[in-house]
Each structure stands twice: as structure tokens, then as C-alpha cells.
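Trainee: Would you mind keeping the following structure in view while I ask a few things?
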Amino acid sequence: MADAPGDMVESTLPTRWNRDFEKVANDLLPKLHRWTRTPQRVINFDKDENQYFGLRAVHAAYAIDQLPSKTWGKGDDFILDFGIHMVGYVSIRLESRGSHMDAPCRLRLTFGESPLDVTLGMDNVKTWISTSWLPDEIINIDMCPELVTLTRRYSFRFLRIEIIDTSPKYKVAFSDIKCDCVSAISQDNALESPHFNDDLLRKIDHVSISTLRDCMQTVFEDGPRRDRRLWSGDLRLQALANYSTFRDFNLVKRCIFQFAAVVRDDDSLPACIFEQPQLTPSSDYIVDYDALFAAITYDYVVASGDTAAGHSLWPTVLGCVKRAITHLDPVTHVFDESRGEGWNFLDWQPGLEHSAGVHGVLLYSLKAANALAQVLGKEPPFTELVAQMTEAATAFLSPNKVFVSGPKSQISFASASWLVLAEAFPKDVARTALLNTLAHPEAVKPLTPYLWHHVCDALATVGCFEKCVEIMKNYWGGMVRAGADTFWECYNPDDPRASPYGDVRNNSFCHAWSCTPTYLLRGKLKDFVGVQSTQSITVGELDQNWIKSQLGP
1134 MADAPGDMVE
1144 STLPTRWNRD
1154 FEKVANDLLP
1164 KLHRWTRTPQ
1174 RVINFDKDEN
1184 QYFGLRAVHA
1194 AYAIDQLPSK
1204 TWGKGDDFIL
1214 DFGIHMVGYV
1224 SIRLESRGSH
1234 MDAPCRLRLT
1244 FGESPLDVTL
1254 GMDNVKTWIS
1264 TSWLPDEIIN
1274 IDMCPELVTL
1284 TRRYSFRFLR
1294 IEIIDTSPKY
1304 KVAFSDIKCD
1314 CVSAISQDNA
1324 LESPHFNDDL
1334 LRKIDHVSIS
1344 TLRDCMQTVF
1354 EDGPRRDRRL
1364 WSGDLRLQAL
1374 ANYSTFRDFN
1384 LVKRCIFQFA
1394 AVVRDDDSLP
1404 ACIFEQPQLT
1414 PSSDYIVDYD
1424 ALFAAITYDY
1434 VVASGDTAAG
1444 HSLWPTVLGC
1454 VKRAITHLDP
1464 VTHVFDESRG
1474 EGWNFLDWQP
1484 GLEHSAGVHG
1494 VLLYSLKAAN
1504 ALAQVLGKEP
1514 PFTELVAQMT
1524 EAATAFLSPN
1534 KVFVSGPKSQ
1544 ISFASASWLV
1554 LAEAFPKDVA
1564 RTALLNTLAH
1574 PEAVKPLTPY
1584 LWHHVCDALA
1594 TVGCFEKCVE
1604 IMKNYWGGMV
1614 RAGADTFWEC
1624 YNPDDPRASP
1634 YGDVRNNSFC
1644 HAWSCTPTYL
1654 LRGKLKDFVG
1664 VQSTQSITVG
1674 ELDQNWIKSQ
1684 LGP
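In this text, residue positions in the sequence shown follow this note's numbering: the first is 1134, and each later residue adds one.
Dropping the structure here:
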């Protein structure tokens, strides 16, 4: 089993509540939209080594409309395919056939975001995060007929139903299986659909939108299966994708004010918050996430035009960078992760050295704060520090023009991407060093889509559009080719069972930080990829097009 990262740090500082901000957030609580989906087919998964997961979905011997006529007893099971990833509440009508029920019917329901979920089973899972997240449920039904309605929300495409036990005197039949889907985005919501010359890019854009939609609930959740809560690093990327697609400014504003409502005594912000049963800050603290609140606020004010919110949040923006600044060497102004307490994240990749990358994050965030000040008619507060950190960034550029970090001069994609995004170097220098770093055989590569996004964004920022699209098609396109309806928390092209937690069964296969290709494709990459025209389409139409493409003949 994988161990929890040793540099994870909790913050136990008291919370300085801002109840006015909490009220702003509460007043923006969205009413979730609902729609119903039903299973499209009954399937089996056959072994196929040519598929990413080593499994291929095949039609069962009977059609879905024949399911109510089938009866099932102890040890039987079947898998339903709804044709699309969903977030919602399941109900099933269960009836008995044969003699009177002389014992309960015991069922196991397993909700699969990937084929592995419904084929590996959920026993003997060992991970450093709680196994209570595993997407299965055992229920007992004492008497039939019964409409079984699950109160817990699930995130899935596949549903495996196992009949653990009945009795020799009766069997059971299933009908009216439904999922009451939920999202802050309705099926009638219209958005612009670009016409891409490349069909793979069209699919990547589509899956990005589906990922974002399913994570948009009463907050921007990081994953509707796990962790089902709001993380600031994820929020930044979700908000950017949202500005390019749904443009739901109220949900972004709600989340920003939730964070601002729970500032710590030292002006830092928690890495994530809990919405239910009442707003509560997590004890998790991440240095880079804290600083990025400045960029989140700036992006929101520019996209929405809501300068009033910018003025209200200005003290929070000034405070969110304080703790990261304490990591700077007082003489050289170089960020050193060993100088202070705090979890420097950037990516889940074990052994990653963070100093250069978080130097870039902090510089990026300080520049965002200065830019926000200009929008609000204020004096930029960090002009001198930005100049000092920009000059200091040369410490992270080696003589052979690759980005390095830490006492061992580690080369990594993380260092390169954030120093480029922070515009710490002239564009030509940044481009050369970025490409050199990405090509270096010893460079530490990303593990998650979160960092791969920043690599792609950095490439687009310095005009390396071809390389950016190449990575996007290989990485996110690899997930599409592997059968993704929504993009995943973790993807290793060479290992379908890779997990930051020790077991792939506790991974999230619909995860917010992977939704950003739509932001790049509709923004920095738009001209390069040749978007010739756009048309308006509803989310419901996008869903139906996807289901049709998935079911095949």
C-alpha cells in the first residue's frame, strides 16, 4: 500500500470567520437541475489485452428491454451500461418470483466509473485514504415488491448488481432502474460548440465539458465520487474552464466567498472546505493553493466584471500570499521549500522538489494581485517583490538552459511550467528552457492532469502550440481512447492501475482538475487548431450525441 506523502501539513490555527462573506455564499446556493437516465444495455466485460484496462464491453445475450423478464438467484450478477457518466440517485423496482419470500434478498450494488470498478470487486482494498469512499453498497430487502431508492448520491456509468443471497424458494426480477441525475448545469443550458477539424480534439473538448458539468454541484467539487468537496487549486482550473463554456459566474463567486469566509488568524486560507452540514474549513493546508487565491479572484473579476466583489475580497487577496512569502530567502528572494512549514503540492509525483515550481506559483500570484489592483484602481502592492523574485528566478536556470530546483538541481516539468507561466524570463529564454527541460531524459514528469495542464498552458503561453496539442492528444486523448466519458484524477499511459493512494479502486475517474483542455482549445489554442465556426448546442444534445457514439451497433 502507498503511504501518505510525508510533507502533508495540517493547519490548526483558529479561523477568523467572516459571516458577511458566508451570507454572500449562502445567498448564491444554486438550485440543482434534475433529469432521468435509464440503462441502455446489459453488458459483460471480456478480456482484451489491446484495450487500456485489458477489458472490452460486449453486449449480453439479451437486450435491455428483456431484463424485467429475467429472474435471478444466489450468486447471479449482471452489469448495466447507462452509456454516459452520471451523478445522481438510483432507484430500482424489485419483485420476487416463486414461493413467498422466506428470507430477505441481499444485494451488492457496485457503481463503476471505469470497467475496473465493476470487475475487480471491492474487497481487500488497502489505501492510505479511507476505503469508505469505495463505490459499493450492500442492501437487504425484506419484502417484495419494493421500490429500492438509494439515498446516497453516486457517480458512475456502469452498475453491477450482484445477488448475494435469496433463498431456494424464490428468485428476484429487476425493472424500472433509473438514475435521477443532478448538476448545477441543466440539460437545456446552451453553449457554443466549436467545429474542430480534428475529431480527437472534438472528443477531448466534449469530455472536458462533461467532466466540468458533473463536478458542478452546489460547489465546484473536485470529484463527484471522491472527495466531493471544494479545493482551491481545483477551483481555479474549473473556473477557467467554466468561463470558456457555461459562464456560471454565480457558482464561482459562491465558492470564492466560501474560502474568504474562513480565513485563518495568520490570513492564510485552507486548501479545501466542507460545505455540509455547515461551512467548515479543512485542516489541510497547501502553500501553492493558498497563494493562488489571488489568481482565482483576479480571473473571476476580469471574466465577470464584478469589481465590487474584487474590492470586498481585496484584504483576503493581500493575506493569501503572506505564508508563501515567508519561504523566500530574505537576501536572495529565492523560494526555498525547507524554510517554512506547509505542504507544497504542485503534483502527486513522489520525490518532486518544489522550490522552483512554487517560486513560479508565488510570482504568478503576486502578479495577479498587482493586476487586480490596477483593475480596482489601487496601487499595485507587490511591484518591488515581483522585480526581486523575477531577478532571483535566474537561480533556477542552469548554464545549459534547463530549469532546476533544490540542492540536487532536480529537473522537472513542474519547475519549468510554473516559471514559464510566471513569465520570470523573456519569452525566447523561457521557450528554449521549457523545451530543453521537457526533452531532458532525467526530467521528473507529472503524475496528474493537474500538472499536465500547467505544462500545456506554459507551452501555449510561449507559442509552442504544436507541442501543446501533441501532449494534449497523447495524454487526454489517451484517456479518450481508453474509454473515458469524463477525465480522470490520475492517468499513467503505461499503468492502468496507477494510483496516488495505493489502489486504483479508490481513484476518481471524474475529476475537476482534468477538465481544462476545453479552456485551452477555446482560448490560447483556438487559432492554431483551426476552429472555423461555432454553433449553439444544449448540454442535453451533447449528452445524447455521446450516448449514441458509445453504444455502437
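Beta carbons are placed, not taken as given, at the ideal position from N, Cα and C, and that holds for glycine.
Is Met1522 helix, strand or coil when you go by DSSP?
Mentor: Helix.
Trainee: Does the contact criterion of 3 or more C-beta pairs under 8 Å hold for the region 1530-1548 versus the region 1564-1577?
Mentor: Yes: at least three Cβ pairs fall under 8 Å.
Trainee: Quick one: grab the DSSP three-state call for Gln1391.
Mentor: In the structure shown, Gln1391 sits in a helix (DSSP, three-state: H, G or I).
Trainee: From this set, Asp1179, Thr1282, Arg1149 and Pro1172, which residue's C-alpha is nearest Arg1226's C-alpha?
Mentor: Ranking the options by Cα distance to Arg1226, first place goes to Thr1282.
Trainee: Please identify the residue among Leu1373, Ala1374, Tyr1376 and Asp1347 whose C-alpha is closest to the C-alpha of Arg1362.
Mentor: With distances taken between Cα atoms, Arg1362 lies closest to Asp1347.
Trainee: Please state the DSSP three-state secondary structure of Trp1150.
Mentor: Reduced to three states, the DSSP call for Trp1150 is strand.
Trainee: Which residues in the same chain have their Cβ closer than 8 Å to the Cβ of His1444, if we skip the five residues on either side of it in sequence?
Mentor: Within the same chain, His1444 has close Cβ partners Leu1509.
Trainee: Using three-state DSSP, classify Gly1490 as helix, strand or coil.
Mentor: Gly1490: helix per DSSP, three-state reduction.
Trainee: Taking DSSP's pairing of strands, which residues face Met1276 in a bridge?
Mentor: DSSP lists no partner for Met1276.
Trainee: Count the CB pairs spanning the region 1303-1323 and the region 1639-1651 that are closer than 8 Å, and state whether there are at least three.
Mentor: Touching, no.
Trainee: Taking the alpha-carbon positions, what's the Phe1426 to Thr1619 distance?
Mentor: Going by the C-alpha atoms only, they are around 26 Å apart.
Trainee: In or out: Met1522 buried (at least 16 other Cβ within 10 Å) or exposed?
Mentor: It is buried - the Cβ of Met1522 has at least 16 other Cβ atoms within 10 Å.
Trainee: Can you say whether Gln1371 is buried or exposed, counting buried as having 16 or more other CB atoms within 10 angstroms of its CB?
Mentor: The residue in question, Gln1371, is buried, as its Cβ has 16 or more Cβ neighbours within 10 Å.
Trainee: Curious, which full-length beta strand (DSSP E) runs of at least 3 residues does the region 1531-1564 contain?
Mentor: Runs found: none.
Trainee: Determine the contact status of Thr1594 and Leu1554, defining contact as a CB-CB distance below 9 Å.
Mentor: Going by C-beta atoms, Thr1594 is nearer than 9 Å to Leu1554.
Trainee: What number of angstroms, rounded off, separates the C-alpha of Pro1448 from the C-alpha of Ala1442?
Mentor: Whole-angstrom Cα-Cα distance: 11 Å.
Trainee: For the beta strand (DSSP E) that contains Lys1659, what are its first and last residues?
Mentor: Lys1659 -> not in any beta strand (DSSP E); alpha helix (DSSP H) instead, spanning Lys1659 to Val1662.
Trainee: Taking the beta carbon of Leu1280 as the centre, do at least 16 other beta carbons fall within 10 Å, making it buried, or is it exposed?
Mentor: That one is exposed.
Trainee: Terminal residues of the continuous beta strand (DSSP E) containing Lys1311?
Mentor: Segment Tyr1303 to Ser1316, the beta strand (DSSP E) holding Lys1311.
Trainee: Hey, which unbroken runs of the alpha helix (DSSP H) at 4 residues or more fall wholly within the region 1357-1435?
Mentor: You should have 1365-1377 and 1382-1393.
Trainee: DSSP has Tyr1222 in a bridge; who is on the other side?
Mentor: Paired residue(s): Asp1313.
Trainee: I'd like the span of the beta strand (DSSP E) that includes Thr1671, first residue to last.
Mentor: Segment Thr1667 to Thr1671, the beta strand (DSSP E) holding Thr1671.
Trainee: Quick check: what's the CA-CA separation for Ile1342 versus Asn1625?
Mentor: One C-alpha to the other measures close to 22 Å.
Trainee: What three-state label does DSSP hand Leu1609 in the structure shown?
Mentor: What sits at residue 1609 in the sequence shown is Trp, not Leu. Note: Trp1609 maps to helix in three-state DSSP.
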